[in-house]
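This report concerns only the one structure given below.
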Amino acid sequence: MQDTVGAEIIPSIEEPTWLFKAGISKGKNHDRQDLGIILEPNATIKIRQEHPDYNGDVTLNLLTNDSKTEKSLKVGSEWVSIKTDVSTVPFIETPYGQTDAMVEYQITGDVKILTVYDKNTTEKDFFEEWDANDGEYALIKGQSFQLFVSKVDKEAVRNLKDFSSIGELVEHYEGIFAQYNKLLGLTSTATDTDKLNQNRYFMKADKNGPGGAYYGSNWTANSETSVSMWLQKNSWGALHEIAHGYQTGFDGKGMYTGEVSNNLYAVDYQYSQYGKEADKVGWLFNYGRKDAVEKELYQALIKDGKGYESINDHRYRLILLTMMQQKAGNESFTKMNQEYRKLASKDGFNAANYQLPDLMNKYYGEVSGYDFTPVFKKWQVSTDEIQGKKNRQNEYQAVASLADVVPESQLTAARALVDPNILINSNFEMVGNQEIAPLGLKGNVHLTLDVQDITDFKGKTILIKEGSKVVKEIKLDSKEITIENMPNGIYTLEIPQGEKARYEFDQQYLYVKEKQNNLAIKFKKIETSNLVNQSIQLLGLGNQQFAELSTNLNDHQAILNISKTTPHSYYKGIKYATIEVRDVNDQIIFTKEIQGTNATVGKEIIPFEVGYKLFIFHDETKNRLKSSEKIIDSSKKENSFIMTQYGLKNNQLGNNPEHQFVEKLSSMLDKIFDDSDNMLLLATKDQLWEAINSLQEPNRTYFLSEYKDILN
């Protein structure tokens, strides 16, 4: 038996670090180059990298349609060998960099030609060669992907049901990638963080893959012997798995989006292709079962009072995110991704500082002119108070889900009014007041002001606004106020400060939905600046956030928000994390164990005061217990803290909370100096006064003097 020998140049490509730094994998290790051959069982390939200018190893993959029979090998300048057990195709993973590699190989055993379809191949020639060689595999190449096909699928590829040709199949996937790239904000003409990457996806079958299909670091596959999923025109599985590579570092931070946000790409594609018919042929409304989906979602959110996390259903969460993105416009989603990549490319970037709800609230608002703060509040998703204040200062128009401003008995009429102008329709599609005004719905409002001293607001008024338009002024002369005949909708409340004290208000928006509506507004004196507040994120498998603990000393509480039912599947039934709080007498007032599976999603309010102790255990603290502030000892599985008037002191680290507080205050004031429109100052001024007044001398005098111009 004569050995087969050969050599191949392996061209390198530019590494899209601007994507990877932003947490976008986008086929990171998928791109690979075939050697044009199939190795038969019991063949041995001897191989080395011989380009003198290439430093480092390359990786040889021996691929099949079954991950259990596949092999890989690092290849350097010395000869290495590997033997096949089954028919397999050798690939070299495409190196990143500016220098091409070159491999030289010798094969002992039987080989066949790997038949390849690309833009220069006719379908007739492709099948003639595949039939003649009788190869176990073939490869279909596009500009953005490669599809690895086994002989099991030869006749299905020859007689495609949904496409007239292989070329049309390739064009179909190129169209998907093009639309996803546009939504992510990538173009071939850009030269910065919006530059389109060169690496291609690798799509295949894997009969021993997890679930029905998966997206992995080396390829994406359906978990079958056949690539049937990849041969269908309306394949939700294909759209879903490809989109996993487009998810970003902000995913899962502040709200669960792991198996949800990728589907925003898939939904956008299906509705762009099928229009409203996608209700019947798409996944969003369960392939035509829209009435049942809508009924269940209404029950969960409106009647049962659940939020985004506690509904614990990927389809329901996707509907909500889809409605928000639709109202804000795709341009808003694209802008958010583009700006995040810019942030991630800078030195010192810390992803923990950028929570997804805050990014959405910021960029969706800036681009669309809508304020989504009340929507997040309805969803029971926490957002940054400062961003909400900036949205109101900018007089963005508050929006709401239709079901939150129209009574159930009027939803049919409301849908008939607004649906024709909206592509994707739902009881939870988002509207402004003017869109439902033709319904002529009105209601009365009873306002209860929970304030200790109403005389502190003597002569002052609450403004009820639609964006910049003041629709009503309410004098603050009583703790109980009735407003009659308010048109249904969502309104922004502009509440004045008191004469003697500064306050925060727990309600900034007014919903008018029913004939009679009630709203209680709690006036909370600012006794502790929110700059004292801190948060700690607990990450699990895949570095996905599953819980967050945040402090709020002004409200005398800590909040534990658990957002995933399965923090880490490898810890099934085993303790993965615990949170314990003790009071000043060292008595346990709260304890929670979180196992790797079956965690209870939801939010818990914990009493928390100066002098209270906090203990956080995480079995993988080193990389998975995070904070934007330097308060975590990553070398210890358990971190213990004591709450001070300036923040958490880690007993192991011995950090100085007052020094860190001063640094945060200085940073905030520097940002205000750089804020040309003064929106940040307007949103934070009351908190800054309280922060400065809490300082010890000489810091207090220094800040009052140094920053007197902006404080006044």
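If you're matching positions, the sequence shown starts at 1 in full-length UniProt numbering and goes up one per residue.
All C-beta atoms in this analysis are idealised placements derived from N, C-alpha and C, irrespective of residue type, glycine included.
On the DSSP letters alone, give me the boundaries of the alpha helix (DSSP H) that residue i sits inside.
| i | result |
| --- | --- |
| Ala416 | Leu411 to Val418 |
| Thr701 | Asn699 to Glu706 |
| Arg392 | Glu385 to Gln393 |
| Asn133 | Glu123 to Asn133 |
| Pro357 | Leu356 to Ser368 |
| Ser332 | Asn330 to Ala344 |
Run the CB neighbour count on residue i, radius 10 Å, all protein chains shown included, and call it buried at 16 or more, exposed below.
| i | result |
| --- | --- |
| His618 | buried |
| Ile588 | exposed |
| Tyr287 | exposed |
| Ser164 | exposed |
| Thr701 | exposed |
| Phe453 | Reading off the sequence shown, one finds Asp at residue 453, where the question assumed Phe. Result: exposed. |
| Thr600 | exposed |
| Gly56 | exposed |
| Gln98 | exposed |
| Ile574 | exposed |
| Thr482 | exposed |
| Ala266 | buried |
Compare the Cα-Cα distances from residue i to each of the options and report the closest residue.
| i | options | result |
| --- | --- | --- |
| Ile107 | Val149, Leu35 and Glu168 | Leu35 |
| Ile386 | Gly305, Arg341 and Thr684 | Thr684 |
| Asn530 | Thr551, Asn262, Ile521 and Lys515 | Thr551 |
| Tyr201 | Asn533, Val512, Trp230 and Ser67 | Trp230 |
| Asn353 | Ala221, Thr373 and Asp384 | Asp384 |
| Gln143 | Thr99, Ser188 and Gly135 | Ser188 |
| Thr44 | Ala132, Val80 and Glu15 | Val80 |
| Thr88 | Val103, Gly109 and Glu104 | Gly109 |
| Lys141 | Thr115, Ile176 and Asn598 | Thr115 |
| Phe428 | Gln545, Tyr316 and Asp670 | Tyr316 |
| His240 | Lys253, Gly216 and Gly252 | Gly216 |
| Asn120 | Asp85, Arg158, Val170 and Thr257 | Val170 |
| Glu78 | Asn391, Val267 and Arg48 | Arg48 |
| Trp379 | Leu447, Gly440 and Lys306 | Lys306 |
| Ala414 | Leu423, Glu435, Glu395 and Trp236 | Glu435 |
| Pro439 | Ile422, Leu417 and Ser426 | Looking at the sequence itself, residue 439 is Leu, so the reference to Pro does not match. The shortest C-alpha separation from Leu439 is found at Leu417. |
| Asp419 | Glu395, Ser332, Met323 and Thr448 | Met323 |
On the DSSP bridge list, what partners appear for residue i?
| i | result |
| --- | --- |
| Val431 | Ala400 |
| His618 | Ala577 |
| residue 713 | In the structure as shown, the chain begins at 1 and stops at 712. Residue 713 is therefore absent and cannot be evaluated. |
| Thr551 | Ala558 |
| Thr448 | Glu480 and Ala520 |
| residue 792 | Residue numbering for the chain in the displayed model covers 1 to 712; residue 792 lies beyond these limits and cannot be assessed. |
| Thr644 | Gly647 |
| Ala190 | For Ala190, which the question treats as bridged, DSSP gives no partner whatsoever. |
| Ala138 | Thr115 and Val149 |
Would you give the residue range spanned by the beta strand (DSSP E) that residue i belongs to?
| i | result |
| --- | --- |
| Met203 | Tyr201 to Ala205 |
| Phe372 | Unbroken run through Phe372: none, as it is neither H nor E. |
| Pro607 | Gly602 to Pro607 |
| Tyr503 | Tyr503 to Phe505 |
| Thr482 | Glu480 to Pro487 |
| Glu473 | Lys469 to Lys475 |
| Phe91 | Val89 to Glu93 |
| Glu593 | Ile588 to Gln595 |
| Asp34 | Arg32 to Asp34 |
Measure the CB-CB distance between residue i and residue j and report whether it falls below 9 Å.
| i | j | result |
| --- | --- | --- |
| Ser228 | Pro210 | no |
| residue 719 | Ile616 | This structure cannot settle anything about residue 719, because the visible part of the chain is limited to 1 through 712. |
| Ala577 | Ala344 | no |
| Asn61 | Lys71 | yes |
| Asn309 | Ser535 | Per the sequence presented here, residue 309 reads as Glu, with Asn not at that position. No, Cβ-Cβ distance for Glu309 and Ser535 is not below 9 Å. |
| Ile138 | Val149 | What sits at residue 138 in the sequence shown is Ala, not Ile. Yes, Cβ-Cβ distance for Ala138 and Val149 is below 9 Å. |
| Lys522 | Asp450 | yes |
| Thr492 | Lys465 | yes |
| Val381 | Ala400 | no |
| Ala328 | Tyr370 | yes |
| Gly467 | Gln397 | yes |
| Leu318 | Val260 | yes |
| Gln652 | Ser694 | no |
| Asn623 | Ser634 | yes |
| Pro16 | Lys253 | no |
| Asn337 | Gly185 | yes |
| Leu264 | Leu321 | yes |
| Val445 | Asn517 | yes |
| Glu629 | Gly647 | yes |
| Phe127 | Gln33 | no |
| Phe145 | Met203 | yes |
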